[in-house]
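Number of protein chains: 2
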Amino acid sequence: MSLLFKHLRIHQIFGANTDVGKTILATALVRGSAALKNDVFYLKPISTGPIQDADDEHIKRHCGALKNRVHTECLYRFHVPVSPHLAAQIAAGDESRKIVSDATFVNSITSYVRRCASRGTGPADMYVETAGGVHSPTLSGVTQVDCYRPLFLPTILIGDSRLGGISATISAYESLLLRGYVVEAVLLFRDEYYRNSDFLTPYFTERGIDVTAVDPPPPILSDASENFASTERYYERLISEDSILPVLRNLDTRHERRLAELTSMPRRSLDAFWWPFVQHDLIKGEKDVTVIDSASSDFFSVYDAHGTEGASALESQLDGSASWWTQALGHAHPTLTLAAARASGRYGHVMFPQVTHAPALQLAERLLHDGPGKGWASRVFFSDDGSTGMEVALKMALRAFSVHRCLQGADRKALGVLGLRGSYHGDTIGAMDACAEEGVYTCEWHNAKGYWFDPPTVSIQDGHPIITLPPALAAAAAPSDSTVASGSLSSVYDVPARLSTPLVEVYRTYIRNTLRSLERAGGLQLAALVLEPLVMGAGGMIFVDPLFQRVLVDVVRGRGPPPPSTDSDTPAPWRGLPVIFDEVFVGLYRLGMESTIPLLGVSPDISVHAKILTGGLVPLAATLASDSIFQAFYSTDKAEALLHGHSYTAHPLGCEVANETLRLVEKESRSEAWAAAQARWEVAPGKPGVVWSLWDPQFIQTVSRMDAVAEVMALGTVLAIKVRDSEASYVSHSAQTLLQSIKFRDTGSLASESGQFSVHFRTLGNVAYFMTSLNTAPETVRSLEDKIWTALQKSS
Amino acid sequence: MSLLFKHLRIHQIFGANTDVGKTILATALVRGSAALKNDVFYLKPISTGPIQDADDEHIKRHCGALKNRVHTECLYRFHVPVSPHLAAQIAAGDESRKIVSDATFVNSITSYVRRCASRGTGPADMYVETAGGVHSPTLSGVTQVDCYRPLFLPTILIGDSRLGGISATISAYESLLLRGYVVEAVLLFRDEYYRNSDFLTPYFTERGIDVTAVDPPPPILSDASENFASTERYYERLISEDSILPVLRNLDTRHERRLAELTSMPRRSLDAFWWPFVQHDLIKGEKDVTVIDSASSDFFSVYDAHGTEGASALESQLDGSASWWTQALGHAHPTLTLAAARASGRYGHVMFPQVTHAPALQLAERLLHDGPGKGWASRVFFSDDGSTGMEVALKMALRAFSVHRCLQGADRKALGVLGLRGSYHGDTIGAMDACAEEGVYTCEWHNAKGYWFDPPTVSIQDGHPIITLPPALAAAAAPSDSTVASGSLSSVYDVPARLSTPLVEVYRTYIRNTLRSLERAGGLQLAALVLEPLVMGAGGMIFVDPLFQRVLVDVVRGRGPPPPSTDSDTPAPWRGLPVIFDEVFVGLYRLGMESTIPLLGVSPDISVHAKILTGGLVPLAATLASDSIFQAFYSTDKAEALLHGHSYTAHPLGCEVANETLRLVEKESRSEAWAAAQARWEVAPGKPGVVWSLWDPQFIQTVSRMDAVAEVMALGTVLAIKVRDSEASYVSHSAQTLLQSIKFRDTGSLASESGQFSVHFRTLGNVAYFMTSLNTAPETVRSLEDKIWTALQKSS
C-alpha cells in the first residue's frame, strides 16, 4: 500500500497533541508549496465537527493568491465535534451505518492519492493531515499511528510549544518511531516563555531531524473580516520571512534523496552483499534485487525504479514464503515491537549461565508446561537459531547414548544418526552432518554420519490423497497399500486408525530389516533418531507419511537394552535411541497444530524450536529435553556439563518477543478465521478433520488436476505445488518459470486496492511453495489462490 | 541502584502531560495509604515555582486526619516557575552553582529512600512524584524517563482526561515502556464529554493494567478557607467512595506478587533451565542463581531474598564480564532500544536472498568502507552469532583453497586449518573442528582438523612486560629474546619496530620448519590460517605475542603457488593460505582499537565480527571477505554458491542496532574519558602508546607484584589476572575462590551510593578477568580496581 511518486511529494502531518497548531502550520505548508509546485493537494481523511470549523475549509479560505493550484479533500466527515471513533459510533447508531474498517479507510486514502498522482506529472506536493494526536483513535477505534502504517508516508511532526510540550513532542515522536515512521521535520510555534524549541532543536538535530520554530498565529479577532485579514497577513509573513520555504526545500531534498537512495540500493547491494544461498553470477542485474523499503502485515513495500510513469514507485508484494518460514503474525506487528522495546529497555542483554530473568523463565515454563514440551520435556536450552538448536540437540543425544552405553574414546567419535532422506537441519557443520550428503548441498567439511531411509510420502494427485512408497517398500507392500481408501486427507493423518492397517507391518519389517543389515555391515554406531515430523521443508516440502515416522519411532524404541530406571514421577526415560524432533519449521502452528506430537502419538526425547518462536522478528532457538537426557550430563565433574553456549543465549529481547508471540498465536488459533477455515476441511458436517489448512480444499483439488501440476499438498499455512518436470534437483528452475507471471502486479481497477499486489515466492527445484502467516486475511489467501490458478493456467 | 523493600511499597508517579492532576491524585493516594499503613512517604524530588504552590505543600495541607503518618520531602527546590532544566540553569547562573548531575540526583533519591526504609519495618508506602510529563527535562537536561531509570521503580501513570488525552496517555505509556518500566496502574479524571477513560480502560486492560477513573476536583473557590473545605470534602469523598482504596489494594497485591515472583524464580529456574556451560550438579542451591530484575548501564539489579531486614532486596551488581563480552555501551541503552524499535516498526524481519534493505546495506558499507574491512574486504555475509560467522568463514576459506588447488572429491574432505593452541571459535561443530581437541572442551562429533602452534605470550609480571616463549621456541631463542628491553607494554605491541629484532628470525624458522615437517608427515592438507588476533579469549585470556602472529601470516603467505591474477583495482588476492581473523571478541574497540589489523600490519582475507557489533543487545554476526575469496564461489553453477543461510539472516532489527552501535562506539572512541585514559598510558609525555587501557597502569603494576598473582594483562576494556595455582585447567576454581569476597557488596556509608555494588565476574580456570563497557564511568573503573585490590589483599 506504500505510496511514493517521483513527481508528487507526500507527507503526513501528525500532531504532538491536539491544539498544537497542526492546521495552521499545514496551511502555511500548503501556501508555501503552492508557490513552488504546480499543484498542492491537501487531504483531511477524517473531519469531525461543524463544516465551517473544518480544517479543509480553513485551508480553502486561506490558501492564498495561488488558490487555483490548491486542491482540498475530506473523505469522512462527521458533524459531531468529538473524537472520530465516537463520531463514527454516533453516526453508525443514528444511521445504521457500518463503522468503516481500517482496510477500507486506508484503501480510500490510497485511491485518492493515486487519482491525484495521475492528474499530471508536473511537480506537486501533498499533505495528509491526521486528527488530534498521534494515538488519537480513528473510525474503527484503532489509533492513528497504527491505522496509517500501511501507507508508510514520511512524516512532519507538529511539536507542542506549550507547558509540558517538550514531553508531549518527544513521546509522540517515540510512538511514531515504534511504527518505523521516518520523521523528516518537526515544526512548532515559538514561545518566549517556555522555550520548548530551545530544548527540542538540539534534541532532534542529534537524531537527524531539523526543527523549525515559527511565530505563533495572531489572536482571534471578533470581527470576521478583520480576523480574516489578520490571519492572511500572518500567513503572508510566514512565507515572506522565509521560515516555511526552507522547510519545504528541506522536504524536497529529503524526497529526492530518498528516491536517489532507493534507486542506488540495487547496485550498491550487488557490490557489498554476499547473499545466502545465492549464486551471484546468475544475478542478471539490478532488476533481480528486491528493494524492501518497509513491510507491513503480509506485504513487502518494494521499490521499482523503472515503474510506469506517474505510478507509485513502491508496490505491494506479498511475502509468499513468510520470509523463509519465519512470519506468523505479519511484519512489523506493533505488539511484538513493543515487547522487543520493553525487554531492551529493562535489561538490554544479560549473560545467562546460572542467571535467571523473567522473559527467559516465562518462556521456558510456557514451552515445558503449556507448549510443545508438555508431558515429556523437563528442560529448555536456549540458542540462536534452528541450526545451533539442532547442534545442541545432537550434542545432547550423542552424549546420552555414549553415557548409556558406557562408550569411551574412539567409540564416542564413531556415532551416527538415523533419519530420512531429504532431511535438513541447518547449515552449521554439525547440523549438516546429521543429513545425508547427496546432491549439491554440501561443503568441504560436511561429513554425513548416519543412515537415512527413503520415506513414503503423502500428496494430492488428480484430486485424491495418495501415499507414494519408495521402490524398496513398494515391492513389499500390497498394491492397495499405496492409496488410502477413504480418500480424505485427514484419514491419511489419522495415525491411531491407521495403526491397525497392513501397512504398519510392511513399514515395521522394512525398518527392522534395514537396521539389522546396517548392524551386520558394521560402520558407525547409530546413536539417535532425528526427524522433521510430517514435513521435510528445505528438502523440497516433502510430506512424509506420518505412519512411517510413527512406526520408525516405535521400532527404534523397541530395540536395545532398557534404560536405567528413574524416579516414578518423571516421564519415561529414552529407550533404544534418543529421538530428536526438529520442529523448527513444522512447529508452533505452521502446519495448523501447535506441535506434531499429538498427531504422531509419540513424544520425542529432544525437540528443537525456532522460526515462528519469535514471531518472525529476531533469531532465537529453544532445545527441549527430557529429564533422562539431562541426567546424562548431570555429574560432579564440570567437564561433563553441556559445554555449549552463545554470547546472546536467552537474550531477553528475543525471549520477551517469543512470549508475546506464543500468546498471540494461541489467540489466533482460537480465531473466527481459523474456525471458518477448519470448517471447510471438516470430514463430515460438524466433524473436524485431523488436519486442515488456511488454503481452500476446493482450490487444492482444482490445482491438483491441472496439467502442469504433478501433485499438491497443503497443511496449515503451507501450500506446496510440484510441477511436472524431468529435472527434480535443487538447481531446477521449472517451478520458478511456471509461476513467473505471479511476480507481476495485476493492474486491476482502482476500486479493488486490496487485490493489487505482486507475489514474492521461493521455489525448491520443481516445487513451488506458498506460506501465509497465521493471521493472513482470508481475502488475501483467496486473492493469492486466484493469482496462482491464473499463473498456472497461463503456463499450461 | 534499584530499590525494593518488603515493608515499603514504592511507586513513582508519572504524568501523561502537565496539568493532568498528578498532585491531586497523588494526594488521594497518600491519604488512602495513610489509612492502611503505618507510614506514608511522599517525595517530590524537584519542585519549581513558589513554595506556597508546591506539590509537597499541597500534600501537607491536605494529608487528612492521619497526617502524623505522612512524611513529605522535596530534594531540589527552585522558585522560578519554569521547567527544572531552565530553573537549574537560572539558579546556576545566579548563584554560580554547578548543575546537579544525573548520578548525584539519583543518588540523593536513593539515600532518601534508604533513610525512610530504615525508619522501621512496619508496612509503609512511598510515592515519588515526577514533574510535568514523562519526557520533561530534569536538572541536567536529560529527560525524566531516562534520568529515573536506574531506580527502576514501579510506575503509576496519571492519564490525561482532556481533549487529545487518549493520545497523550498512550504515547506517555510507550515512552515508559521503551525504558522497560512496569506501569502498574493508570489513573485519570472522569470526563463525561471526552470519555477518554472509556477508550483507555479496555486498551490498558488488554495490556494487563487496570485503569481507574475518578471524579475531577471541585472548581477552585476564591475564598481560601472555603476552597480548603471544598478540597477536603473532595478528598474525603474519593477515599470513602472506594475509588482510591481498590487502587491501593491492587498496588499492594502487585507489590507482594512481585516479591513472591522474584523469590520463586531461583527454584523455578533450577527446575526449567538447562544453562550453557554449567554443571547443574555443582549448583548448591537457590543462592547460586543470580536473579536479574533489570539492568542499567554497567549494573545488574539483582534480587536477594535473604538480605538484611529492612535493606533493599535488590542490589547493584557490576556486570564484570560485560555479559560474556557483549556489552559496549551499557545495558538498556535508550538509543539502542529506539533503534531496535524503529527497525521492528518499519520491517519486522524480511528474508534476505537477493533482497536489500537500508539497515543491512548501511551496515555492510560501514563495515567494508569505514570499518574493519577497510582496504581489503569486498563483501559482507551475515549470520547469527560468532560461531555461525566462523562456520561461514571456514566454508569460504576451504572452498577458496579447494578451487585454487583444483581439489575434487575426497581431497576436498581432507582439509585442515593452521592455528594457535588455546584458540576458540564457537560451539557449533564446524567452529569446534577448527580448534585443537585437548582438555575438556570437546564432544562426540568434535573432530579437530589441523595443526595448532603453541604461541609465545605477553604478560606483566612483577611490574614488567614479559614475552614467554613455549619450550620449543625458547630452545631456539637467545636468552634476551624472552624479555623486551624497553620495558613498556607499547613496545611489545610496536610490531613494525620489532620486525627488525632477532626474534623474527627465530619465529620464522620455527614456523617454516614446523610446516615442512607437517608436509613430510602427510595427513590433512592445511587449507586456512585461523587466528584470534592478539588475545585468545575463551582459551583463557591468552595474550599472544603479536609479532608471532604477524610472522605466521607472512610465512604462510610466502608459501605455495601464487594465486590467479585479478583486476588491478581490487586488493591483492589471497596467497599461500586464506587467512581468517576471528575478531568476534577482540574487535570493535574491545581492546581499545577498532580493528587489530593496523597493529599487526597485515589484513586477513576473511574476518568475523559479532558480540559488540550489536552493542550487547541481540545476536548478529558479519563475515567479511576479500574479492578473491568471493570469486571462488562465483560461477554459472548454482550449486557452487555459498549454500549457507539462517532464517533471520541480516534481520533489520539487528542491523539497525549495529548501525547505531557503530556510530556510538566511534563517538566514544573520541571521548574525553578515553583521551584521559590514553594519556595515562603515554610512553612519553605527549607520545601516545601503541596500546592502552581503561584500566590504570599503576593499578596493573601494583597487582602484578602481589603474592597471589602470577601475571596480569590489560588492553582496552580487558583486565586478566592469572592467579598462582598448580591446576591451570578449565575446571580449576582457584581464581573464583581467590576473588570470592568481591561478590559481596560493601556496606559503606550511605553518603557514597555510587561505590555500593557487588561484582558479578567470570573466571577461566586460574584466570580471573574483568571487562568494562566502552563507556564505563572512570569512577566505576576506579571503584572496581579498589575492590579487586582489596579482594586480592584479603586472600594473600
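Top to bottom, those sequences are chains A and B. What the first sequence shows, in the numbering used here, is residues 1 to 796, in sequence order. What the second sequence shows, in the numbering used here, is residues 797 to 1592, in sequence order. We put the CB at the ideal spot given by N, CA and C, even for glycine.
Check: Can you list, in chain order, the residues of its chain whose CB lies under 6 Å from that of A:V690, leaving out five sequence neighbours each side?
Finding: As a working note, residue 690 of chain A is residue 690 in the first sequence. Same-chain partners within the cutoff: S490, Y493, D494.
Notebook entry, point to check: Listing by chain order, which chain A residues have their CB less than 7 Å from the CB of B:E1385?
Noted result: Position 589 of the second sequence, counting from 1, holds the residue named residue 1385 of chain B. Residue identity check: residue 1385 of chain B is Tyr in the sequence provided, not Glu. Under the 7 Å cutoff, chain A gives no residues; its nearest Cβ is about 16 Å from B:Y1385.
Next item on the list: Tell me, please, whether the stretch 1569–1589 of chain B touches the stretch 1118–1126 of chain B by the rule of three or more beta-carbon pairs shorter than 8 Å.
Entry: Output reads yes: the stretch 1118–1126 of chain B touches the stretch 1569–1589 of chain B.
Notebook entry, point to check: Between the Cα of B:C1451 and the Cα atoms of B:L1395, B:E1161, B:I966, which residue gives the shortest distance?
Noted result: Working through the second sequence from its first residue, we reach residue 1451 of chain B at position 655. The shortest C-alpha separation from B:C1451 is found at B:E1161.
Item checked: For A:Y648, three-class secondary structure by DSSP -> If you number the first sequence from 1, residue 648 of chain A lands on position 648. Of the three classes helix, strand and coil, the one that applies to A:Y648 here is coil, per DSSP.
Next item on the list: Identify whether A:S40 lies in helix, strand or coil by the three-state DSSP scheme.
Entry: As a working note, residue 40 of chain A is residue 40 in the first sequence. With the sequence shown as reference, residue 40 of chain A is identified as Val, and Ser is not the correct amino acid for it. Strand, per DSSP.
Notebook entry, point to check: Any C-beta of chain B sitting closer than 8 Å to the C-beta of A:L336?
Noted result: Here residue 336 of chain A corresponds to residue number 336 of the first sequence, with the count starting at 1. Output row for A:L336: interface = yes.
Checklist line | Spatial distance of B:L1413 from B:T1457 (CA atoms) | finding: For this step, residue 1413 of chain B is matched to residue 617 along the second sequence. For this step, residue 1457 of chain B is matched to residue 661 along the second sequence. Rounded to whole angstroms, B:L1413 and B:T1457 show a C-alpha spacing of 10 Å.
Check: Rounded to a whole number of angstroms, what is the C-alpha to C-alpha distance between A:A185 and A:A124?
Finding: Residue mapping note: residue 185 of chain A aligns to position 185 of the first sequence, counting from 1. Residue mapping note: residue 124 of chain A aligns to position 124 of the first sequence, counting from 1. Those two C-alpha atoms are separated by around 19 Å.
Next item on the list: Using only alpha-carbon positions, find the residue among B:R910, B:A1227, B:L1416, B:A964 that is nearest to B:T1104.
Entry: Looking up residue 1104 of chain B in the second sequence gives position 308. Of the listed residues, the one whose Cα sits closest to B:T1104 is B:R910.
Next item on the list: For B:R1476, name the three-state secondary structure that DSSP assigns.
Entry: Within the second sequence, numbered from 1, the residue matching residue 1476 of chain B stands at position 680. Helix, per DSSP.
Note to self: Any beta carbon from chain A within less than 8 Å of B:E1240's own beta carbon?
What the structure shows: If you number the second sequence from 1, residue 1240 of chain B lands on position 444. Yes, because at least one Cβ of chain A sits closer than 8 Å to the Cβ of B:E1240.
Item checked: B:P1013 versus B:K840: straight-line alpha-carbon distance, rounded -> Along the second sequence, one-based indexing puts residue 1013 of chain B at 217. Along the second sequence, one-based indexing puts residue 840 of chain B at 44. Note on geometry: alpha-carbon atoms of B:P1013 and B:K840 lie some 21 Å from one another.
Next item on the list: Please specify which runs of the beta strand (DSSP E), each continuous and at least 3 residues long, are wholly inside the stretch 1109–1164 of chain B, giving them in chain order.
Entry: 1110–1115
Notebook entry, point to check: If you draw a straight line from the alpha carbon of B:G916 to that of B:A1446, how long is it in whole angstroms?
Noted result: On the second sequence, position 120 is the one that residue 916 of chain B refers to. On the second sequence, position 650 is the one that residue 1446 of chain B refers to. When rounded, the distance between both Cα atoms is 54 Å.
Item checked: Alpha-carbon spacing of A:I13 relative to A:Q362, whole angstroms -> The count along the first sequence starts at 1 and reaches residue 13 of chain A at position 13. The count along the first sequence starts at 1 and reaches residue 362 of chain A at position 362. Going by the C-alpha atoms only, they are around 40 Å apart.
Note to self: Let me check understanding here. Comparing Cα to Cα, which of B:T1586, B:E1436, B:S914, B:V1461 lies closest to B:V1199?
What the structure shows: In the second sequence, the residue the question calls residue 1199 of chain B occupies position 403. That would be B:E1436, whose Cα lies nearest to the Cα of B:V1199.
Notebook entry, point to check: In chain order, what residues of the same chain have a beta carbon less than 6 Å from the beta carbon of B:G961, not counting five sequence neighbours either side?
Noted result: Walking along the second sequence from the start, residue 961 of chain B turns up at place 165. Hits under 6 Å: N992.
Check: Could you give the C-beta distance for B:S1119 and A:T388, rounded to a whole number, given that I count them as a contact under 8 Å?
Finding: Here residue 1119 of chain B refers to the residue found at position 323 of the second sequence. Here residue 388 of chain A refers to the residue found at position 388 of the first sequence. With 8 Å as the limit, B:S1119 and A:T388 do not qualify as a contact, their Cβ atoms being about 18 Å apart.
Next item on the list: Identify whether A:R77 lies in helix, strand or coil by the three-state DSSP scheme.
Entry: Start at 1 with the first residue of the first sequence, and residue 77 of chain A comes out as number 77. Residue state, collapsed to three classes: strand.
Check: Using 8 Å as the limit for Cβ to Cβ distance, is A:I156 near chain B?
Finding: Sequence index remark: in the first sequence, residue 156 of chain A carries index 156 (1-based). Answer no: the Cβ-Cβ gap between A:I156 and chain B never drops below 8 Å.
Notebook entry, point to check: What's the call for B:Q1113, buried or exposed, on a 16-neighbour Cβ count within 10 Å?
Noted result: To locate residue 1113 of chain B, count along the second sequence from 1; it is residue 317. With 16 or more other Cβ atoms within 10 Å, it is buried.
Checklist line | Backbone secondary structure at B:M922 - three-state DSSP | finding: Numbered from 1 along the second sequence, position 126 holds the residue referred to as residue 922 of chain B. DSSP places B:M922 in strand when its eight states are reduced to three.
Item checked: Nearest neighbour of B:L1058, chosen from A:V355, A:L25, A:L8 [CA to CA] -> Along the second sequence, read from residue 1 onward, the residue named residue 1058 of chain B stands at position 262. The shortest C-alpha separation from B:L1058 is found at A:V355.
Check: From the beta carbon of A:G419, is the nearest beta carbon of chain B less than 8 Å away?
Finding: Taking the first sequence and counting its residues from 1, one reaches residue 419 of chain A at position 419. No, because no Cβ of chain B sits closer than 8 Å to the Cβ of A:G419.
Next item on the list: Kindly indicate the opening and closing residues of the beta strand (DSSP E) around B:E980.
Entry: Counting from 1 along the second sequence, the entry for residue 980 of chain B is found at position 184. First-last of the beta strand (DSSP E) with B:E980: 979–985.
Notebook entry, point to check: For A:W324, which residues in chain B fall below 7 Å Cβ to Cβ?
Noted result: For the purposes of this step, residue 324 of chain A is identified with residue 324 of the first sequence, where counting begins at 1. Within chain B, the residues near A:W324 are M1147, S1443.
Notebook entry, point to check: Does at least one heavy atom of the ligand FMN sit under 7 Å from the Cβ of B:R1294?
Noted result: Absent from the structure shown: the ligand FMN. Ligands present: none.
Checklist line | Sheet register partners of A:D210 (DSSP bridge) | finding: The residue given as residue 210 of chain A occupies position 210 in the first sequence. Answer is A:A185, bridged to A:D210.
Checklist line | Neighbourhood of B:A1281 by C-beta distance below 7 Å, restricted to the same chain and skipping five residues each side | finding: As a working mapping, residue 1281 of chain B is identified with position 485 in the second sequence. Only weak support is given to the placement of B:A1281: the predicted model assigns it a pLDDT of 49, under 50, and the value that follows is read from those uncertain coordinates. Nothing meets the Cβ criterion.
Check: Roughly how many angstroms separate the alpha carbons of A:F525 and B:G1218, rounded to a whole number?
Finding: Here residue 525 of chain A refers to the residue found at position 525 when the first sequence is read from its first residue. Here residue 1218 of chain B refers to the residue found at position 422 when the second sequence is read from its first residue. The identity of residue 525 of chain A in the sequence shown is Gln, whereas the question assumes Phe. Answer to the nearest angstrom: the Cα atoms are 31 Å apart.
Next item on the list: Return no unless some Cβ of chain A is closer than 8 Å to the Cβ of B:H1051.
Entry: Position 255 of the second sequence, counted from the first residue, corresponds to residue 1051 of chain B. Chain A, which has no Cβ nearer than 8 Å to the Cβ of B:H1051, makes this no.
Item checked: Where B:L1314 falls: helix, strand or coil (DSSP) -> Position 518 of the second sequence, counted from the start, is the residue given in the question as residue 1314 of chain B. Here B:L1314 sits in helix by DSSP.
Notebook entry, point to check: Secondary structure at A:E711, three-state DSSP: helix, strand or coil?
Noted result: The residue labelled residue 711 of chain A in the question sits at position 711 within the first sequence. Strand.
Next item on the list: Using beta-carbon positions only, say whether B:L1343 and B:L1387 come within less than 8 Å of one another.
Entry: Reading the second sequence from its first residue, position 547 is the one you call residue 1343 of chain B. Reading the second sequence from its first residue, position 591 is the one you call residue 1387 of chain B. No, the pair does not count as a contact, with Cβ atoms beyond the cut-off.
Notebook entry, point to check: When DSSP labels each residue in this structure, what does A:R379 get in the three-state scheme?
Noted result: Indexing the first sequence from 1 puts residue 379 of chain A at position 379. Reduced to three states, the DSSP call for A:R379 is strand.
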